[in-house]
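A.B. asks:
Residue numbers (full-length UniProt numbering): 1 to 383.
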């Protein structure tokens, strides 16, 4: 990646009373408590980024890969963001240029573009260079030989000897990296800041919505908003007619969610439900016909599009993602990483609830990992 101005001075900062995404990009966060985190992380990230130049033929790379060139599954949006974080940290440890090769189901930069750092991959870097591909799913490589180079202090470049190294991984390993000897010297911000702040600011450092995403967000979202606030939920059911290849998930009692929405002032709150099944969204619309908003397109898992248009499905889930990030009230469950990723990145420090059974437990960006300790964003480590 290019070394340039860094992230945190322009956090996405969306407050949808303005409901115009291009006006919102780059504004400062509303919470002064986060400002000191911004300034500290900005200086530390800038200091730790490798000073590499893409135009020099001797430049070596570590590339997050989700491409047709290497085939196989990449996982959903949260799998990919966890993998990008892991690969980003590896690139700093190896003092290599970071890039993202992401064209499945569509080219990432059609919908999300570099914010403060040019991560776009160009295949010309492979000219006269060697390039192995490493693919690791979930925790399956924890006990492989590569972990001693990642987590136990050995020089990463003793393992990654090739000029361009492609990685596909779908798990967050921040806490594993924290156990690496001298990690505080190599990457100071990984030991000084909470996982939630690292995700929030590194995401904003790397990404911002493309003009296409901004246009669709404003066209679809702005026209539907009628009230000052919005309450949202992410409801993942698992295997269903929309997602026939997905895993089964524990069932969420929807009547509890509708009862919760019933308690909100109908003149103050719009409502939004992101889900993996049409039946949930239809139920929400039937229960709250005048307050429920939606994004266009078929519900589609971006790694399992089936008969649906994968580009339409990718855009729909991305719009859902950006809406959820700034909901005044957000309800998430442990059914998948999408909602948990949103919780880590959201712009509002209050109004987050973790859904357990029939109860909505007040939580925060900093406690969601304690309430939902499993999955790709788990803060627990394995030996």
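Ideal Cβ placement from N, Cα and C applies to all residues, glycine included.
A quick note: this is a predicted structure, and the numbers were derived from the prediction, not measured.
Would you tell me roughly how many angstroms separate the C-alpha atoms of residue 116 and residue 347, rounded to the nearest one?
C.D. replies: Between residue 116 and residue 347, the C-alpha separation is close to 19 angstroms.
A.B. asks: If you drop the 5 nearest sequence neighbours on each side, which residues of the same chain put their C-beta closer than 7 angstroms to that of residue 180?
C.D. replies: The residues are 151, 152, 153.
A.B. asks: Measuring only from the beta carbon, is residue 133 closer than 7 angstroms to any heavy atom that is part of the ligand GTP?
C.D. replies: With respect to the ligand GTP, the structure offers nothing, as it holds no ligand at all.
A.B. asks: How about residue 185 and residue 94: are their beta carbons less than 8 angstroms apart?
C.D. replies: Not closer than 8 angstroms, so no.
A.B. asks: Kindly provide the ranges of any alpha helix (DSSP H) runs that are 4 or more residues long and lie completely inside the stretch 251 to 337, ordered along the chain.
C.D. replies: Here the runs fully enclosed are 254 to 262, 278 to 287, 310 to 325.
A.B. asks: In angstroms with no decimal places, state the Cα-to-Cα distance between residue 335 and residue 304.
C.D. replies: Spanning the two alpha carbons is a distance of roughly 17 angstroms.
A.B. asks: In this structure, does DSSP put residue 135 in helix, strand or coil?
C.D. replies: Residue state, collapsed to three classes: strand.
A.B. asks: Would you mind sorting residue 250 into buried or exposed? The rule is 16 or more other CB atoms within 10 Å of its CB.
C.D. replies: The residue in question, residue 250, is exposed, as its Cβ has fewer than 16 Cβ neighbours within 10 Å.
A.B. asks: For residue 178, which residues of its own chain have a beta-carbon under 7 angstroms away from its beta-carbon, when the five flanking residues on both sides are left out?
C.D. replies: Closer than 7 angstroms at the Cβ level, and outside the excluded window around residue 178, lie 190, 191.
A.B. asks: Would you mind reading off the limits of the alpha helix (DSSP H) that contains residue 176?
C.D. replies: It spans 174 to 177 - the alpha helix (DSSP H) in which residue 176 sits, taken as one unbroken run.
A.B. asks: Under the rule that 16 or more other beta-carbon atoms within 10 Å means buried, what is residue 105, buried or exposed?
C.D. replies: Looking at its Cβ environment, which holds 16 or more other Cβ atoms inside 10 Å, residue 105 is buried.
A.B. asks: Do you know how far the Cα of residue 243 is from the Cα of residue 397?
C.D. replies: With the chain represented from 1 up to 383, any question about residue 397 goes unanswered, as that position is not in the structure.
A.B. asks: Taking 8 angstroms as the threshold (C-beta atoms), are residue 85 and residue 202 in contact?
C.D. replies: Yes; because the gap between Cβ atoms is below 8 angstroms, this pair is in contact.
A.B. asks: Can you give me the Cβ contacts of residue 68 inside the same chain, cut-off strictly under 7 angstroms, excluding the 5 residues immediately before and after it?
C.D. replies: Answer for residue 68: 103, 104, listed in chain order.
A.B. asks: Residue 82 by DSSP, collapsed to three states: which one?
C.D. replies: It is helical.
A.B. asks: Is the beta carbon of residue 345 sitting closer than 8 angstroms to the one on residue 197?
C.D. replies: No. Outside cutoff.
A.B. asks: How close, in whole Å, do the beta carbons of residue 119 and residue 100 come, if the pair is a contact with beta carbons under 8 angstroms?
C.D. replies: Correct: roughly 5 angstroms between the Cβ atoms.
A.B. asks: Tell me which same chain residues have a C-beta within less than 6 angstroms of the C-beta of residue 174, skipping the five on either side of it?
C.D. replies: Excluding residues within five positions, the ones whose Cβ falls inside 6 angstroms are 195.
A.B. asks: Would you identify the three-state DSSP class for residue 149, choosing helix, strand or coil?
C.D. replies: Here residue 149 sits in helix by DSSP.
A.B. asks: Starting from the C-beta of residue 355, find all residues in its chain whose C-beta is less than 6 angstroms away, skip the five residues before and the five after it, and write them out in chain order.
C.D. replies: Cβ within range, chain order: 331, 333.
A.B. asks: Measure how close the beta-carbons of residue 226 and residue 270 come, nearest whole angstrom, since I'm counting them as under 8 angstroms.
C.D. replies: Sure, about 6 angstroms apart at Cβ, within 8 angstroms.
A.B. asks: On the three-state DSSP scale, how would you describe residue 207?
C.D. replies: Residue state, collapsed to three classes: strand.
A.B. asks: Using the Cα positions of residue 370 and residue 353, report the straight-line distance between them to the nearest angstrom.
C.D. replies: Cα-Cα distance, rounded: 13 angstroms.
A.B. asks: In angstroms with no decimal places, state the Cα-to-Cα distance between residue 263 and residue 222.
C.D. replies: Approximately 25 angstroms, taken between the alpha carbons.
A.B. asks: According to the Cβ coordinates, are residue 274 and residue 246 closer than 8 angstroms?
C.D. replies: No, they are not a contact pair.
A.B. asks: Distance, Cα to Cα, residue 217 vs residue 308?
C.D. replies: Cα-Cα distance, rounded: 21 angstroms.
A.B. asks: For residue 379 and residue 324, what's the separation of their Cα atoms in angstroms?
C.D. replies: Cα to Cα, the separation comes out at about 23 angstroms.
A.B. asks: How should residue 90 be labelled, buried or exposed, when 16 other C-beta atoms within 10 angstroms of its C-beta is the threshold for buried?
C.D. replies: By the neighbour-count rule (16 or more Cβ atoms within 10 Å), residue 90 is buried.
A.B. asks: Where DSSP assigns a beta bridge to residue 233, which residues make up the other side?
C.D. replies: Residue 233 pairs with 273, 331.
A.B. asks: Smallest Cα separation from residue 56: which of 364, 285, 129?
C.D. replies: Among 364, 285, 129, the Cα nearest to that of residue 56 is on 129.
A.B. asks: For residue 102, name the three-state secondary structure that DSSP assigns.
C.D. replies: The answer is strand: DSSP assigns residue 102 an E or B state.
A.B. asks: Under the three-state reduction of DSSP, which class applies to residue 238: helix, strand or coil?
C.D. replies: Correct three-state label for residue 238: strand.
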